[in-house]
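One structure is given below, encoded as structure tokens.
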Amino acid sequence: MPKADMTALAARLEAHLGDPHAPASRMPFTRVLDLDEREEYPYAFVNMLRDWGVPEYALPGEQGGKAGDVEANFSLVRLIARRDPTTATALMVTNLAFMPVWIGGSEEQKRAVVDAVKRGARLSWGLSERAYGSDLLANAMSARKVEGGYRLTGEKWLIGNATWSDAVVVFARTGERPGPAAFSLFLMEKRKTPAGSVEELPRERLHGLRAMDISGIRVDDVFLPDSALIGAEGQGLEITLKATQTARTQISSIAMSAVDTGLRLTLDFTEERVILGKPVSDVPYSRRQLTEVFADLMVTDAVCLGAVRCLQAAPEQVSVSSSVAKYFVPTLLEATMSQLSVVLGARFFLRGHPHYGMFQKLLRDLVVANFADGNTVVNLRNLGHQLPQVLTCATTAGEGVRLAAADRAAVLYGMARELPLYEPWKQELSSRGGEDDTLLAAPDAVRRLRGLAGEAEQQERGWLLRSADTADELLAHAALLRERCDALRAELGRAFGNSAELFDLAKEYSLVHAAAACVLTYVHSHTALDAPLPSGAVLLLQLERLRRKVRPHEAVTDQAVVDEVMRVVRHLYRENRLFSHWTFPLAEPTADVSAARH
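Quick note on UniProt numbering: the sequence shown kicks off at 1 and runs consecutively.
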């Protein structure tokens with residue numbers, strides 16, 4: 001979707017939802033907190049957003065939806081989640097449960113489900129089981145073949161929308177022999193099953209997303225016709241794994257939105273609260289904390305920009321980018337959100353206050369992005385299994401491969417570049433040849449960054465050159481990772497694939513990937529950004545934040561960098577813009593909340 005259209009779409013939704021601080025708006029913080037406190041599912045919010053048409057941006061255009069660009073849906077969910085991650089998750093569950101149908105379903109199935117969702121149907125995805133968690137190959141729910149269809153028996157647990165869904169996409173065992181081909185996917189419409197044959201399990205009480213429906217179903221010998229099978233028999237695991245790649249990229253929006261609102265709520269306090277004759281924002285330690293949080297958010301924004309666009313621009317590589325995003329973004333931002341609580345101080349504990357109660361809810365809700373649709377261990381394992389090949393490609397690829405990667409990366413990280421139509425069935429379970437365009441294109445991006453520095457004014461030139469030097473240092477880590485990877489494989493043999501050391505290597509690779517994403521976003525989107533971006537100071541602080549993971553006590557920024565980043569933060573805050581490379585205009589403030597800031 002062109003940048004102007006994306007911005008207009010975001011502005012239209014923001015205007016519809018209104019200022020979240022205003023109790024009379026369509027989705028106010030006061031109502032969000034009330035539902036959370038009473039653990040009451042947000043029916044009114046979900047229905048209102050359905051009437052506006054949000055779910056249609058996750059449904060294929062060929063069958064009557066408005067999707068074709070994953071980035072548009074990602075952005076809309078992000079704007080909803082900045083008000084309430086619970087409502088965003090409830091909507092997202094339906095979107096993600098549709099993905100197996102989109103990937104492997106028949107034309108008739110797609111049209112039927114799209115029509116149902118447009119009319120208000122809610123979907124859930126029956127994937128995990130109580131006894132086996134993320135070990136899908138151990139799942140016990142069975143679908144026994146009979147004349148004209150299958151007999152489904154078993155239980156699914158910790159399922160979003162399980163109680164209130166109208167239909168469930170079910171992952172079930174159809175083969176006797178163990179292995180990936182033993183599983184298939186089915187669409188079970190609960191209303192068409194005999195009374196009592198589908199039992200909805202008690203809803204689980206949650207630490208975060210307290211108003212969310214997370215429960216399960218128990219199925220007793222339910223007949224499903226052959227038309228309920230999604231794809232071919234035995235194709236269930238392949239379709240599921242492709243669908244989870246989309247889930248991994250989308251769920252990161254929850255964490256980013258939580259920190260966006262958390263930073264905004266903190267600035268409400270630090271900009272107005274005066275200590276020793278100056279705003280808290282101007283106290284050097286507080287200023288450093290605020291700017292570091294913003295830099296962390298912008299790092300994850302760059303990582304997600306590439307991961308989301310990869311679904312369309314390079315689907316054969318999305319197994320790498322989606323796993324990096326799903327591990328790195330929520331893990332980093334969970335620590336970032338905690339850093340903000342230090343700035344708030346004692347106010348962080350004021351549960352009844354509409355500002356700080358909301359901050360506490362967001363801190364709790366954010367954690368869901370760490371484990372929903374594939375937890376940290378699952379994503380690091382998925383990345384680790386590809387790591388030897390990916391690192392070899394990253395460090396030995398020839399000039400032709402790198403040039404081709406640079407061309408593709410210009411689309412992945414170029415916000416003004418047009419994306420091909422989203423065709424999720426083209427996604428691959430592992431990257432072909434170990435290619436990760438983000439890392440392969442990084443040296444070219446650093447060269448471009450140095451070129452841009454030569455055209456900049458003196459202070460900006462210095463920041464960009466220091467950014468290039470820092471990026472080179474971080475990117476050189478890939479060669480060291482390959483050496484360690486090769487040595488560990490030789491030492492551990494077959495045990496290497498499940499070793500703790502491999503998980504550590506995957507974490508470090510994610511760090512290098514993130515550094516490359518920051519530079520690529522700058523060089524390929526700098527002309528598409530709105531003032532006060534792009535900023536060499538912001539880029540340098542982003543890279544320093546990543547470098548601190550390797551060298552925690554060494555700085556590459558100074559006070560001038562921090563002051564410039566604070567200028568950017570204040571501009572976006574005062575102009576009511578999203579803290580992102582996509583500086584979408586947010587709903588105009590209508591509530592007088594100045595007294596609540598103190």
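All residues carry an ideal CB built from backbone N, CA and C; glycine is no exception. A quick note: this is a predicted structure, and the numbers were derived from the prediction, not measured.
Report the three-state DSSP secondary structure of Ala195 (helix, strand or coil).
Numbered from its first residue, the sequence shown carries residue 195 at position 195. Coil.
With 16 other CB atoms within 10 Å as the buried threshold, where does Phe349 fall?
Taking the sequence shown and counting its residues from 1, one reaches residue 349 at position 349. With fewer than 16 Cβ atoms within 10 Å of its Cβ, Phe349 is classed as exposed.
Starting from Arg173, follow its DSSP beta bridges and name the residues at the other end.
Within the sequence shown, the letter at position 173 stands for residue 173. The partner list for Arg173 (beta bridge, DSSP) reads Ser142, Phe183.
Does the contact criterion of 3 or more C-beta pairs under 8 Å hold for the stretch 446-454 versus the stretch 335-346?
Under the 8 Å Cβ criterion, the stretch 446-454 does not count as touching the stretch 335-346, having fewer than three qualifying pairs.
Since Leu520 and Ala442 should fall inside the 8 Å C-beta cutoff, what is the C-beta to C-beta distance between them, to a whole number of angstroms?
On the sequence shown, position 520 is the one that residue 520 refers to. On the sequence shown, position 442 is the one that residue 442 refers to. Yes, Leu520 and Ala442 are in contact; Cβ-Cβ is about 7 Å, under 8 Å.
Quick check on DSSP: helix, strand or coil for Ala67?
Position 67 of the sequence shown, counted from the start, is the residue given in the question as residue 67. Reduced to three states, the DSSP call for Ala67 is strand.
Enumerate in chain order the residues of its own chain whose CB-to-CB distance from His526 is below 6 Å, with the five nearest sequence positions on each side excluded.
Residue 526 sits at position 526 when you count from the first residue of the sequence shown. Contacts found: Pro534.
With the cut-off set at 8 Å, would you say Arg450 and His207 are in Cβ contact?
In the sequence shown, residue 450 corresponds to position 450, counting from 1. In the sequence shown, residue 207 corresponds to position 207, counting from 1. No, these two residues do not count as a Cβ contact at 8 Å.
For the beta strand (DSSP E) containing Trp164, name the first residue and the last one.
What you label residue 164 is simply residue 164 of the sequence shown in a count that begins at 1. It is not in any beta strand (DSSP E) - Trp164 carries neither H nor E in the DSSP assignment.
Are there 16 or more other CB atoms within 10 angstroms of the CB of Arg264, so buried, or fewer, so exposed?
The residue you call residue 264 lines up with position 264 of the sequence shown. By the 10 Å Cβ count, Arg264 comes out buried.
Whole alpha helix (DSSP H) runs in the stretch 195-256 with 4 or more residues, listed along the chain?
none
Starting from Leu586 and walking both ways along the beta strand (DSSP E), at which residues does that stretch end?
Residue 586 sits at position 586 when you count from the first residue of the sequence shown. Note, Leu586: premise wrong, no beta strand (DSSP E); not H, not E.
Which of helix, strand or coil does DSSP assign to Gly434?
Within the sequence shown, the letter at position 434 stands for residue 434. Helix.
Would you call the stretch 122-137 and the stretch 168-185 in contact, with 3 or more CB pairs under 8 Å?
Yes, since at least three Cβ pairs between the stretch 122-137 and the stretch 168-185 fall closer than 8 Å, the two stretches touch.
Considering Leu383, what are the terminal residues of the alpha helix (DSSP H) in which it resides?
Translated into the one-based positions of the sequence shown, residue 383 becomes position 383. Run containing Leu383: 376-396, per the alpha helix (DSSP H) assignment.
Taking the straight line between their C-alpha atoms, what separation do you get for Gly306 and Asn498?
Residue mapping note: residue 306 aligns to position 306 of the sequence shown, counting from 1. Residue mapping note: residue 498 aligns to position 498 of the sequence shown, counting from 1. Across the structure, Gly306 and Asn498 are spaced so that their CA atoms are roughly 28 Å apart.
Within 10 angstroms of its Cβ, does Ile275 collect 16 or more other Cβ (buried), or is it exposed?
Reading the sequence shown from its first residue, position 275 is the one you call residue 275. So Ile275 ends up on the exposed side.
What span of residues does the alpha helix (DSSP H) with Ser467 cover, start to end?
The sequence position of residue 467 within the sequence shown is 467, counting from 1. First-last of the alpha helix (DSSP H) with Ser467: 458-475.
To which residues does DSSP link Trp125 through a beta bridge?
Counting from one through the sequence shown, the residue named residue 125 turns up at place 125. DSSP output for Trp125 lists Val169 as bridge partner(s).
Relative to the alpha-carbon of Asp296, which residue among Ala514, Gly160, Pro284, Leu452 has its alpha-carbon at the smallest distance?
Locating residue 296 in the sequence shown gives position 296, where the first residue counts as 1. Nearest C-alpha to Asp296: Ala514.
Is it the case that the Cβ atoms of Thr376 and Thr331 are separated by a distance below 8 Å?
For the purposes of this step, residue 376 is taken as the residue at position 376 of the sequence shown. For the purposes of this step, residue 331 is taken as the residue at position 331 of the sequence shown. Yes, Cβ-Cβ distance for Thr376 and Thr331 is below 8 Å.
Could you work out which residue in Thr583, Thr590, Phe579 is closest to Thr261 when comparing CA atoms only?
Along the sequence shown, one-based indexing puts residue 261 at 261. Ranking the options by Cα distance to Thr261, first place goes to Phe579.
Between Thr87 and Val46, is the Cβ-Cβ spacing less than 8 Å?
For this step, residue 87 is matched to residue 87 along the sequence shown. For this step, residue 46 is matched to residue 46 along the sequence shown. Yes, the pair counts as a contact, with Cβ atoms nearer than the cut-off.
Which word fits Leu137, buried or exposed, when buried means at least 16 other C-beta atoms lie within 10 angstroms of its C-beta?
The residue labelled residue 137 in the question sits at position 137 within the sequence shown. Exposed, by the Cβ-count rule.
What does the Cβ neighbour count give for Ala72, buried or exposed, with the cut at 16 atoms within 10 Å?
Within the sequence shown, residue 72 is the residue found at index 72, counting from 1. Looking at its Cβ environment, which holds 16 or more other Cβ atoms inside 10 Å, Ala72 is buried.
So is the beta-carbon of His526 under 7 Å away from any non-hydrogen atom of the ligand GDP?
In the structure on display, the ligand GDP does not appear, and there are no ligands present to speak of.
Find the nearest neighbour of Ala537 within the set Lys549, Val556, Pro354, judged by alpha-carbon distance.
Here residue 537 refers to the residue found at position 537 of the sequence shown. Out of Lys549, Val556, Pro354, Val556 has the C-alpha closest to the C-alpha of Ala537.
Would you give the residue range spanned by the alpha helix (DSSP H) that Arg450 belongs to?
Start at 1 with the first residue of the sequence shown, and residue 450 comes out as number 450. From DSSP, the alpha helix (DSSP H) with Arg450 extends over 442-455.
Once the 5 residues before and after Ala11 are set aside, which same chain residues still bring their CB inside 6 Å of it?
For the purposes of this step, residue 11 is taken as residue 11 along the sequence shown, with counting starting at 1. Cβ neighbours of Ala11 beyond the five flanking positions: Pro585.
Going by the DSSP bridge assignment, what does Met188 pair with across the sheet?
Translated into positions along the sequence shown, residue 188 becomes position 188. Looking at the DSSP assignment, Met188 forms a beta bridge with Val168.
Pro354 bridges to which residues according to DSSP?
Sequence index remark: in the sequence shown, residue 354 carries index 354 (1-based). Its beta-bridge partners do not exist; DSSP assigns none.
Return yes when the Cβ of Ser142 is within less than 8 Å of the Cβ of Ala112, no when it is not.
Taking the sequence shown and counting its residues from 1, the one referred to as residue 112 is at position 112. Taking the sequence shown and counting its residues from 1, the one referred to as residue 142 is at position 142. No, they are not a contact pair.
Answer yes or no: do Trp52 and Leu91 have a C-beta to C-beta separation smaller than 8 Å?
Within the sequence shown, residue 52 is the residue found at index 52, counting from 1. Within the sequence shown, residue 91 is the residue found at index 91, counting from 1. No, the pair does not count as a contact, with Cβ atoms beyond the cut-off.
For the candidate residues Pro225, Leu201, Gly216, whose alpha-carbon lies nearest to that of Thr193?
If you number the sequence shown from 1, residue 193 lands on position 193. For Thr193, the nearest C-alpha among the options comes from Pro225.
Three-state secondary structure (DSSP) at Leu311?
Reading the sequence shown from its first residue, position 311 is the one you call residue 311. The answer is helix: DSSP assigns Leu311 an H, G or I state.
Do you know offhand how far Phe503's Cα is from Leu380's?
Translated into the one-based positions of the sequence shown, residue 503 becomes position 503. Translated into the one-based positions of the sequence shown, residue 380 becomes position 380. If you take the alpha carbons of Phe503 and Leu380, they lie about 6 Å apart.
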